[in-house]
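One structure is given below, encoded as C-alpha cells.
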Amino acid sequence: EAEVAQSPRYKITEKSQAVAFWCDPISGHATLYWYRQILGQGPELLVQFQDESVVDDSQLPKDRFSAERLKGVDSTLKIQPAELGDSAMYLCASSKRTGASPDTQYFGPGTRLTVL
Amino acid sequence: DAKTTQPPSMDCAEGRAANLPCNHSTISGNEYVYWYRQIHSQGPQYIIHGLKNNETNEMASLIITEDRKSSTLILPHATLRDTAVYYCIVRSLNTDKLIFGTGTRLQVFP
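Chains as they are written, first to last, in the numbering used here: chain A, 1 to 116; chain B, 1 to 110.
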C-alpha cells in the first residue's frame with residue numbers, strides 16, 4: 001500500500017537555527033498538506049498545495065516559515081529561524097483530487113521537531 | 001465547518017466492541033462525518049467517513065443518526081493495537097481542510 005514519506009523522523013535544533021522537512025506524497029496525489037501538531041492537541045493546517053500552487057497558507061507564519069512544491073510532487077517546509085515554540089510534530093498529508101466527494105487525506109509518519 | 005464534541009477518554013476491554021460517540025448538532029446537509037485515529041507518535045490514520053447512511057469497512061462501522069446530529073464509531077472487536085486518540089471531524093464538500101479537535105483517547109485493556 002502506497003504511503004506518504006517524510007524525513008527526517010526526528011530533528012533537534014537550537015533556536016535561531018534553520019530547519020527543513022521533506023515530504024513525498026502518494027504517487028498521483030495532486031493535493032499536499034502540511035500540518036503542525038502541538039503536544040496534546042489535534043493537528044492544524046499550515047499550508048495546502050494543489051499541484052505546485054499554494055491554495056491556502058492563511059495559518060502559515062510567513063515571517064519564519066516557508067513551503068514549496070516546485071515540481072508539484074515532493075515538498076519542503078522550512079523554518080528560519082526556529083523558535084522554542086516551534087517544537088511540535090510536523091505532518092504531511094496528501095489526497096487525490098476527485099471532485100466527487102471530499103478527498104480523503106492520507107498522512108505520513110511526521111517529523112518531531114525539538115527546539116532547544 | 002460544524003463543531004464536534006467527543007468525550008476526552010474511554011476504556012474498552014480487549015475483544016469487546018468499542019463504541020465512540022461524537023456529537024455534531026450543527027452539521028449541515030453537505031457536511032460529511034470523518035473519523036481518523038492517531039496511535040502514539042504516528043501520523044493520523046483514516047478510518048471511515050459517511051454522509052447520512054451507515055458505513056462499514058474492514059476497520060470499523062459508522063452509525064449516523066437519522067437527524068445527523070450525532071454519530072458513533074464502532075470497533076467491533078477491540079485489540080490492544082486499537083489504543084489511540086480517535087478524532088471525529090465534520091467536513092464540508094466545499095473545503096479540503098480537516099479541523100481536528102482534541103479527540104477521544106481510547107485505552108484498550110487486556
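Glycine residues also receive a C-beta, built at the ideal position from the N, C-alpha and C atoms. Values in this document were obtained by computation on a predicted structure and should not be read as measured data.
Kindly list, in the order they appear in chain B, the residues whose Cβ is closer than 8 Å to that of residue i.
i             : result
S95 (chain A) : D96
Pop quiz: residue i and residue j are said to be a contact at Cβ under 8 Å. What is the actual Cβ separation, rounded to whole angstroms?
i              : j             : result
Y90 (chain A)  : W34 (chain A) : 7 Å
Q37 (chain A)  : A82 (chain A) : Incorrect: roughly 16 Å between the Cβ atoms, too far for contact.
Y106 (chain A) : I26 (chain A) : 6 Å
V115 (chain A) : L84 (chain A) : 5 Å
Q38 (chain B)  : V85 (chain B) : 5 Å
Within the 7 Å Cβ cut-off, does residue i reach chain B?
i              : result
T104 (chain A) : yes
G28 (chain A)  : no
L46 (chain A)  : no
G72 (chain A)  : no
G110 (chain A) : yes
Mind checking residue i: buried by the 16 CB within 10 Å criterion, or exposed?
i             : result
Q6 (chain B)  : buried
D96 (chain B) : buried
Q6 (chain A)  : buried
Q80 (chain A) : exposed
A58 (chain B) : The question names Ala, yet the displayed sequence has Glu at residue 58 (chain B). Label assigned to E58 (chain B): exposed.
Q48 (chain A) : buried
Is there at least one Cβ from chain A nearer than 7 Å to residue i's Cβ?
i              : result
Q6 (chain B)   : no
G50 (chain B)  : no
G101 (chain B) : yes
Y32 (chain B)  : yes
Can you look up residue i in the DSSP assignment and give me helix, strand or coil?
i              : result
G108 (chain A) : coil
L80 (chain B)  : helix
Y103 (chain B) : According to the sequence displayed, residue 103 (chain B) carries Gly and not Tyr. Residue state, collapsed to three classes: coil.
D11 (chain B)  : strand
D24 (chain A)  : strand
G50 (chain B)  : strand
D57 (chain A)  : coil
L84 (chain A)  : helix
What residues from chain A crowd round residue i, counting only those whose CB sits closer than 7 Å?
i             : result
P44 (chain B) : P43 and F107
R91 (chain B) : P102
Just to make sure I have the definition right: I need the residues of chain B whose C-beta is within less than 7 Å of the C-beta of residue i. Which are they?
i             : result
L91 (chain A) : G43
Any heavy atom of the ligand ZN closer than 6 Å to the Cβ of residue i?
i             : result
D63 (chain A) : By its list of ligands, the structure shown contains no ligand whatsoever, and the ligand ZN lies outside what it can speak to.
For a contact defined as C-beta to C-beta under 9 Å, what are the partners of residue i on chain B?
i             : result
T31 (chain A) : D96
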